[in-house]
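Q: First the structure, then my questions, so here it is.
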Amino acid sequence: MNSRLYYKYLSSRIASKWIVLLIDLLIVLVSMLLAFIIQWEISSITYNTSLYSWMSVLTVLCCALFFQIFHTYVGIIRFSSFIDIYRVFICLTLSFGLLGLGNFCWWLFGLENTLPGSILFMAYIFTFSFMLCLRISIKIFYETIAFDARHSINIFIYGFYGTGVNVAKALRVNRNNHFRLRGFISDEPDMIGKLSMGCKVYANDENLLNRLEKKKVQAIIISPGKEVELEKTGMMEKMQAHNIHLMTLPPLSDCVDDGLIKNLQIEDWLRREPIKVDMRKIASFIEGRKIIVTGAAGAVGREIVRQLAALNPYRLILIDQAETPLYDIQLELSDNWKNLDVKVQVADVANHSRLEAIFREVNPQLVFHAAAYNNIQLMEDFVSEAIRTNIEGTLNIVELSLKYDVNRCVLVSTNGVINHKTIVDKTKWLAEVGARALMVSNVVETNRKMMIVRLGRIYPFEPQCLMAMSEACQLLLEVCNIGEDGATYLLDDAWNSCTEMTTHPMVLKCKLEDTNYKQTYARITTLVRDSYTENQMILRKGINSFSETSQ
């Protein structure tokens, strides 16, 4: 049958559960009528109209109650299974059993208008039979109309017990594979000649090839674990000689053991291809280097640390002021990378002397600065802390990176600095300006580079976006490897790679040779130095006015 009719009109349409319930109740009424006719004939029903009416209504109400309890009408009929049929059987048994018990009690107390038990029994048999036939018929109808026989491939399944039957069931459920099951091949003598799923079980003997030609079989699916037995019988060479394709599939146990069944990750439901970077080049760049990661206990810093740990650095120094999350990431690294040299430092990036002691001891080659206050709503009430960490902390990192000749320094910022409407965005923007000013004031001919990366909409901060944290951090590592000195990069789900800000229509890339940054840096350091003695409201107004004049 033409499957285009199915895909165009039927595949995506599902009958309402209320329609299914109405049909089931109609079956109950028809079954009661048939039971009355068989018991008393049609002429007698006219004399028992009231009895038929109130018993039919009572039966419908009782069945409707149990249909609601067991939800027999909620399922999709075309996908009905043995469990659905079993639920219908239990539901009808309880319904008519309760009616029969009530009818018996009615008769026991000597009341009139009782029904013969045979009527309820026949109605029960008719109702179950009709509901069963309805579900089986619809299931067969959809399976038949969905199958495109014009492009079908006739197959046999080698193996019957367990795995062979499971493969056949999977093929029947998935009609998009165009396989038509024509029979089974079995080595068990007890199974020969039996029928299963409408197909006969054949022996693996000298007549098998003739049966395959008669059935026009084009391929044989070998059940998992049956490959050796097929080769021992010598049938594999004969099948190939007659152009019969042999196919197999891994057992379900291998899927479980190999970890193919896993938790759903954010990357699994991206509506695009995952972002891919050349991790081999990044690994060769990271390997053997001493690296500092600030904000290592945060969401971004933690993912950066995980990816760096897999690239075999010489030493990882993790800096954060949150001691418990920092300890957690230390335990995670010790469990997963036992040979990795990891050292944690509980420190505040705004504490210049503490940071300098760490830089002096480590003498790092790479620095990833991800420490910041990012909660937009909360930091509106803690402006001085936002300035202290986001601005002064960033300037401390830049100063020390320049002083100790760090080869690469990547500053993590946010794309909110484009409009900088909130305190967090304003402090991040001021930190960028100050960092560039420091770069300008320390321009020397060295191999060191300093880049700013603005993270866009990243999961899980914004669940509606389509860039995963792992992807963003991979791009951060790529910036560290191939980024240009003084460049600003935007990472957003609109691109599949790092994009320089010069390509973004809303932003103008800052040039290092702009001498105005030296004056700007002096103004920022003054603002930071005086921030702790100022009232928060005055400070907020000062940042607003500073941002407006700087634009």
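Numbered according to my numbering, the sequence shown spans residues 25 to 575. Yeah, the Cβ is synthetic: ideal placement off N, Cα and C, and Gly gets one too.
#1: Can you tell me whether Arg478 is buried or exposed? The criterion is at least 16 other CB atoms within 10 Å of its CB, across all chains shown.
#2: Can you tell me whether DSSP reads Met271 as helix, strand or coil?
#3: Find the nearest neighbour of Ile114 within the set Phe152, Phe184, Lys445 and Ser105, judged by alpha-carbon distance.
#4: For a test of the three-state rule: what should DSSP assign to Tyr338, helix, strand or coil?
#5: Could you check whether the stretch 386-405 touches the stretch 309-325, counting it as contact only if at least three pairs of C-beta atoms, one from each stretch, sit closer than 8 Å?
#6: What does a CB cutoff of less than 6 Å around Tyr541 pick up in its chain, not counting 5 residues either side in sequence?
#7: Would you say Leu158 and Tyr97 are within 9 Å of each other, going by their C-beta atoms?
#8: Expressed to the nearest angstrom, what Euclidean distance is found between the alpha-carbon atoms of Gln63 and Leu156?
#9: In angstroms, rounded to a whole number, what distance separates the CA positions of Gln123 and Ser74?
#10: Please list the terminal residues of the continuous beta strand (DSSP E) segment that includes Lys218.
#11: Rounded to whole angstroms, what's the CA-CA distance from Leu89 to Leu53? Just pull it up for me.
#12: At which residues does the alpha helix (DSSP H) containing Asn127 begin and terminate?
#13: If you compare alpha carbons, which of Cys87, Ala59 and Gly99 is closest to Ile38?
#14: With Ala192 and Leu205 assumed to form a contact (beta carbons below 8 Å), what rounded beta-carbon distance in angstroms separates them?
#15: In angstroms with no decimal places, state the Cα-to-Cα distance between Thr446 and Ile400.
#16: Go ahead and label Phe150 buried or exposed: buried means 16 or more other beta carbons lie within 10 angstroms of its beta carbon, across all protein chains shown.
#17: Taking all protein chains shown into account, decide if Cys129 is buried (16 or more other Cβ within 10 angstroms of its Cβ) or exposed.
#18: Using the Cα positions of Gln498 and Val407, report the straight-line distance between them to the nearest angstrom.
#19: Measuring only the C-alpha atoms, how far is Trp42 from Met79?
#20: The alpha helix (DSSP H) with Lys262 in it runs from where to where?
#21: Are the beta-carbon atoms belonging to Ile328 and Ala395 less than 9 Å from one another?
#22: Could you give the uninterrupted runs of the beta strand (DSSP E) lying entirely in the stretch 331-381, keeping only those of 3 residues or more?
#23: Looking at the unbroken beta strand (DSSP E) that takes in Asn414, where does it start and where does it end?
#24: Taking the CB atoms as reference points, tell me whether Leu357 and Pro337 lie closer together than 9 Å.
#25: Which partner residues of Arg384 appear in the DSSP bridge assignment?
#26: Taking just the CA atoms, how far does Tyr397 sit from Ala346?
#27: Would a C-beta distance cut-off of 9 Å place Ser247 and Ile181 closer than the cut-off?
#28: By alpha-carbon positions, which one of Lys427, Val448 and Asn414 ends up nearest to Leu435?
#29: CA-CA distance, Ile506 and Ile244?
#30: Would you kindly work out how many angstroms separate the C-alpha atoms of Lys239 and Phe208, rounded to a whole number?
#31: Going by Cα to Cα distance, which pick from Phe133, Ala511, Phe103 and Pro213 is closest to Glu167?
#32: Per DSSP, which residues does Asn398 bridge with? Please list them.
#33: Determine the closest residue to Asp449 out of Gly440, Ala455, Tyr148 and Lys218, with distance taken between C-alpha atoms.
#34: From the DSSP secondary-structure annotation, give me the bridge partner or partners of Val436.
A: Short version:
#1: buried
#2: strand
#3: Phe152
#4: coil
#5: yes
#6: Its pLDDT being 38, under 50, Tyr541 is placed unreliably in this model, and the coordinates cannot settle the point.
#7: no
#8: 23 Å
#9: For the sequence presented, residue 123 should be read as Leu rather than Gln. If you take the alpha carbons of Leu123 and Ser74, they lie about 17 Å apart.
#10: Run containing Lys218: none; DSSP gives neither H nor E here.
#11: 15 Å
#12: Phe106 to Leu132
#13: Gly99
#14: 6 Å
#15: 7 Å
#16: buried
#17: exposed
#18: 32 Å
#19: 23 Å
#20: Met259 to Ala265
#21: no
#22: 339-344 and 366-370
#23: Where Asn414 is concerned, there is no enclosing beta strand (DSSP E), given that its DSSP letter is neither H nor E.
#24: no
#25: Per DSSP, none; premise fails for Arg384.
#26: 12 Å
#27: yes
#28: Asn414
#29: 52 Å
#30: 12 Å
#31: Phe103
#32: Per DSSP, none; premise fails for Asn398.
#33: Gly440
#34: Val477
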